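Counting with the working numbering, you get residues 15 to 513 for the letters of the sequence shown.
Positions of the beta carbon are idealized from the N, C-alpha and C atoms, including for glycine.
Since this is a predicted model, take the numbers as computed values, not measurements.
Structure first, then comments.
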Amino acid sequence: MRISHSRRALAVATATALALTALGSVAGNAADEPESTPVPIVTPDGALFSYVVNTERAGVRDTVLAVKAIQRADGVTVQAWPQIGVIVAHSANGSFREEVLVADRAGVVESVGATRTVSPTEGTPGADKAAGVKKDRAVKGKATKDTTGWTVDEPAGTTAVPDPGEATQWDMEMIKADQALEINPGSSDVVVGVLDSGIDASHPDLASQVDADQSVNCADAGRPDRSATGWLPTTSDHGTHVAGTIAAAQNGVGIVGVAPGVTMASVKVVNDDGFIYPEYAVCGFIWAGMHRMDVTNNSYYIDPFMYWCEDQPDQAAAKEAVRRAVDFSTKRGVVHAAAAGNAATDLANNTTDASSPNDSTAVDRVINSGCEDIPAELDGVVTVSSLTQTTDLSAFSNRGLGKIDVSAPGSAILSTELDGTWDLKSGTSMASPHVAGVLALMKSAHPRWSPAQLEAAVRAQADDHECTTTTRGPACVGGLEENSFYGDGIADALDAVNR
Numbered sequence: 015m016r017i018s019h020s021r022r023a024l025a026v027a028t029a030t031a032l033a034l035t036a037l038g039s040v041a042g043n044a045a046d047e048p049e050s051t052p053v054p055i056v057t058p059d060g061a062l063f064s065y066v067v068n069t070e071r072a073g074v075r076d077t078v079l080a081v082k083a084i085q086r087a088d089g090v091t092v093q094a095w096p097q098i099g100v101i102v103a104h105s106a107n108g109s110f111r112e113e114v115l116v117a118d119r120a121g122v123v124e125s126v127g128a129t130r131t132v133s134p135t136e137g138t139p140g141a142d143k144a145a146g147v148k149k150d151r152a153v154k155g156k157a158t159k160d161t162t163g164w165t166v167d168e169p170a171g172t173t174a175v176p177d178p179g180e181a182t183q184w185d186m187e188m189i190k191a192d193q194a195l196e197i198n199p200g201s202s203d204v205v206v207g208v209l210d211s212g213i214d215a216s217h218p219d220l221a222s223q224v225d226a227d228q229s230v231n232c233a234d235a236g237r238p239d240r241s242a243t244g245w246l247p248t249t250s251d252h253g254t255h256v257a258g259t260i261a262a263a264q265n266g267v268g269i270v271g272v273a274p275g276v277t278m279a280s281v282k283v284v285n286d287d288g289f290i291y292p293e294y295a296v297c298g299f300i301w302a303g304m305h306r307m308d309v310t311n312n313s314y315y316i317d318p319f320m321y322w323c324e325d326q327p328d329q330a331a332a333k334e335a336v337r338r339a340v341d342f343s344t345k346r347g348v349v350h351a352a353a354a355g356n357a358a359t360d361l362a363n364n365t366t367d368a369s370s371p372n373d374s375t376a377v378d379r380v381i382n383s384g385c386e387d388i389p390a391e392l393d394g395v396v397t398v399s400s401l402t403q404t405t406d407l408s409a410f411s412n413r414g415l416g417k418i419d420v421s422a423p424g425s426a427i428l429s430t431e432l433d434g435t436w437d438l439k440s441g442t443s444m445a446s447p448h449v450a451g452v453l454a455l456m457k458s459a460h461p462r463w464s465p466a467q468l469e470a471a472v473r474a475q476a477d478d479h480e481c482t483t484t485t486r487g488p489a490c491v492g493g494l495e496e497n498s499f500y501g502d503g504i505a506d507a508l509d510a511v512n513r
């Protein structure tokens, strides 16, 4: 049943107030900044859309009340996360965002936002009005997007099977992983969650490295799919390449990862069309936290916006949901590494974006400091820039003083591929797993360290590197100890196991 025009007006006023609340955090930081260009997500009646509904407080009580409001607004709860007060809902009601606020009789809903600009291709799985509430309580581009350049693959014909051992892995020498391996290859008790497109666990370098019991598929509308094959790759080799850099086995075959002694879990957050929507990432981070993983690697940005703006209601709600999920997993002992991005952009002085939304029609938009690449720019995430073999900043790599934490090799990195092969890929996607591996070694050497201690240590132990020059993008700024290209320096695996 649709609400009356007078109640609809009330709902719109309430939604506007929520939007102004979101804007306040931006205005308070930089009052002279322009508002970001509005990118309204049009949700016509009859077209199915996916939303996040954030409650004021975490917990089962407010979640159940919000689920009832979702039902009254002609929505279906797909997955609920009472731990963080986030609910994923689908609705074909074009006025769902406004009507759920009116239907919220208990006043528990904080914000509502569409998570994508198109209908979910996966439909509405398990259309149970209370999906996820009881289940959750019982449980203790393409990643290689051609449109965004998130992974910059090397030209065709670079496939190579190296000699057994690490002779061709210049990247491991740069971060001293080859030396660290002789001291501590990592502990099997340390688990790295690879939030990506799935891991080919049949690969000879990965077969012994992946724990199927901790693996999951989150790309089923943001619900954890525990099926035996759901977390395996389908359309992308990206996650398999990332996994090899982190922990390819020391087995006399192919390559060796940074931390071959640790365990990996495949946490699939990429759908078959190559998108990583907010609800997928929320599921991935919550899963990592619930399973007490130690590290996650995040070689992606969350679609469909390269930068999520706090003064746009839909974007603000989705960004808040992801922030809560990251915070939840961090509080449960997980430290996160993330790729800085491949737009050759200065994240500290970023004012425009012409690539978003990338699931429909992109628009040229003005952005401000409240518009961020997530998860890379969220608190508690180690953000990684990419380097070439000569330790120069990769031409594609984002940079930014105060934005980049550490740097690592990311150009022409040899790692595992589908069907038992090896290949070269380039991108900050390839740099981030080097740092995830270093964090895993550090956790192996210091099992009692918290995420904050690990984050501080990986920065402190990084090898200082002075500014260099590039022929593309903004110039390097800062000093030897911290600058916009290298952050606090080049990640150091040897120090991770020695100190």
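- [ ] Decide if the segment 266–278 is in contact with the segment 196–216; the criterion is three or more beta carbon pairs, one per stretch, under 8 Å apart.
- [x] The count of Cβ pairs closer than 8 Å, one atom from the segment 266–278 and one from the segment 196–216, reaches three, so the stretches are in contact.
Task: C-beta contact flag for L455 and A194 at 7 Å - done: A194 sits close to L455, with the two beta carbons spaced by under 7 Å.
Task: Cβ shell of S374 (< 6 Å), same chain only, five flanking positions each side left out - done: Correct list, in chain order: T131, V132.
Open item on the list: In this structure, how does DSSP classify Q329 when only helix, strand and coil are distinguished?
Closed with: Correct three-state label for Q329: helix.
Open item on the list: Within a Cβ cutoff of 6 Å, which residues of the same chain sit near A514, ignoring the five residues on either side of it in sequence?
Closed with: Limits of the chain in this structure are 15 at one end and 513 at the other, which puts residue 514 out of reach.
Task: D509 to G200 span [Cα, whole Å] - done: C-alpha separation (whole angstroms): 13 Å.
Open item on the list: What does the Cβ neighbour count give for S211, buried or exposed, with the cut at 16 atoms within 10 Å?
Closed with: Counting every other CB atom within 10 Å of its CB across the protein chains shown gives S211 a total of 16 or more, marking it as buried.
- [ ] Over the uninterrupted beta strand (DSSP E) stretch that includes S369, give me the two end residues.
- [x] In this chain, the beta strand (DSSP E) harbouring S369 covers 366–370.
Task: 8 Å Cβ shell around G60 - same chain, five flanking residues per side excluded - done: Cβ within range, chain order: A106, G108.
Task: Rounded C-alpha distance that separates P327 from P465 - done: Spanning the two alpha carbons is a distance of roughly 31 Å.
Open item on the list: How far does the alpha helix (DSSP H) with E427 in it extend, from its first residue to its last?
Closed with: At residue 427 the sequence reads Ile, which differs from the Glu that was named. Where I427 is concerned, there is no enclosing alpha helix (DSSP H), although the beta strand (DSSP E) it sits in stretches over 427–430.
TODO: State yes or no: is the C-beta of S498 within less than 7 Å of the C-beta of L392?
DONE: For S498 and L392, no; Cβs fall outside 7 Å.
Open item on the list: Looking at the secondary structure, which residues open and close the beta strand (DSSP E) in which M307 lies?
Closed with: Note, M307: premise wrong, no beta strand (DSSP E); not H, not E.
Open item on the list: Using only CA atoms, which one of V420, E431, W322 lies nearest to E49?
Closed with: In this structure, W322 is the residue among V420, E431, W322 with its C-alpha nearest to the C-alpha of E49.
TODO: Report the option in A450, T365, G347, S383 whose CA atom is closest to the CA atom of T397.
DONE: Residue A450 is the option with its Cα nearest to T397.
Open item on the list: Tell me whether the segment 118–126 and the segment 219–226 touch, counting them as touching only if at least three CB pairs, one residue from each stretch, are closer than 8 Å.
Closed with: Taking 8 Å as the limit for Cβ pairs, the verdict is that the segment 219–226 does not touch the segment 118–126.
TODO: Using a threshold of 7 Å, state whether the C-beta atoms of A376 and A505 are closer than that.
DONE: In this structure, A505 does not lie closer than 7 Å to A376 by Cβ.
Open item on the list: Can you find the residues in the same chain that come closer than 8 Å, C-beta to C-beta, to T366, ignoring five residues on each side of it along the sequence?
Closed with: These residues qualify, in order along the chain: D378, R379, V380, I381.
Task: A489 (DSSP reduced to helix, strand or coil) - done: Note: A489 maps to coil in three-state DSSP.
Open item on the list: Using only the alpha-carbon positions, how far apart do A262 and V472 sit?
Closed with: One C-alpha to the other measures close to 21 Å.
- [ ] Going by CA-CA distance only, name the one from W301, I269, H104 that's closest to W245.
- [x] Cα-wise, what sits closest to W245 is W301.
Task: Those runs of the beta strand (DSSP E) which lie wholly inside the segment 398–485 and span at least 3 residues - done: Within the segment 398–485, the complete beta strand (DSSP E) segments of 3 residues or longer fall at 420–423, 427–430, 436–440, listed in chain order.
TODO: Let me know the alpha helix (DSSP H) ranges lying completely inside the segment 71–137, each 4 residues or longer, listed in chain order.
DONE: If we require 4 residues or more, the alpha helix (DSSP H) runs fully inside the segment 71–137 come out as 74–86, 110–117.
Open item on the list: Quick check on V56: buried or exposed, where buried means 16 or more other Cβ atoms within 10 Å of its Cβ?
Closed with: Label assigned to V56: exposed.
TODO: Report the residue from D239, L453, D406 whose alpha carbon sits nearest the alpha carbon of M307.
DONE: Sorting D239, L453, D406 by C-alpha distance to the C-alpha of M307 places L453 at the top.
TODO: Take the Cβ of K159 as the centre, count every other Cβ of all protein chains shown within 10 Å, and call the residue buried at 16 or more, exposed below.
DONE: For K159, the predicted structure reports a pLDDT of 37, less than 50, and the residue's modelled location is therefore unreliable. The matter cannot be settled from this model.
Open item on the list: Could you check whether V92 and A235 sit closer than 7 Å to each other, using their CB atoms as the reference points?
Closed with: Taking 7 Å as the cut-off, the beta carbon of A235 is found closer than this to the beta carbon of V92.
Open item on the list: Am I right that P447 and I260 are in contact with their C-beta atoms under 8 Å? What's the rounded C-beta distance?
Closed with: Confirmed, Cβ separation roughly 5 Å.
Task: 7 Å Cβ cutoff met for H255 and K457 - done: Not in contact: H255 and K457 (Cβ atoms no closer than 7 Å).
Task: Between the CA atoms of D360 and M320 - distance to the nearest angstrom - done: The alpha-carbon of M320 is positioned some 14 Å away from that of D360.
Open item on the list: Less than 6 Å between C-beta atoms, sequence neighbours within five positions excluded: which residues of the same chain meet that for M188?
Closed with: These residues qualify, in order along the chain: P423.
- [ ] Measure the alpha-carbon distance for N512 versus A476 and round it to whole angstroms.
- [x] Just so you know, the alpha carbons of N512 and A476 end up roughly 13 Å apart.
TODO: Select from M444, G441, A354, I98 the residue whose C-alpha is nearest the C-alpha of D419.
DONE: The shortest C-alpha to C-alpha distance from D419 to any of M444, G441, A354, I98 is the one to A354.
Open item on the list: Pull the bridge partners of M278 from the DSSP assignment, please.
Closed with: Bridge partners of M278: V206, V224.
Task: As assigned by DSSP and simplified to three states, the class of H252 - done: Helix.
Task: Nearest-angstrom Cα separation, counted from T77 out to Y500 - done: Going from the Cα of Y500 to the Cα of T77 covers about 43 Å.
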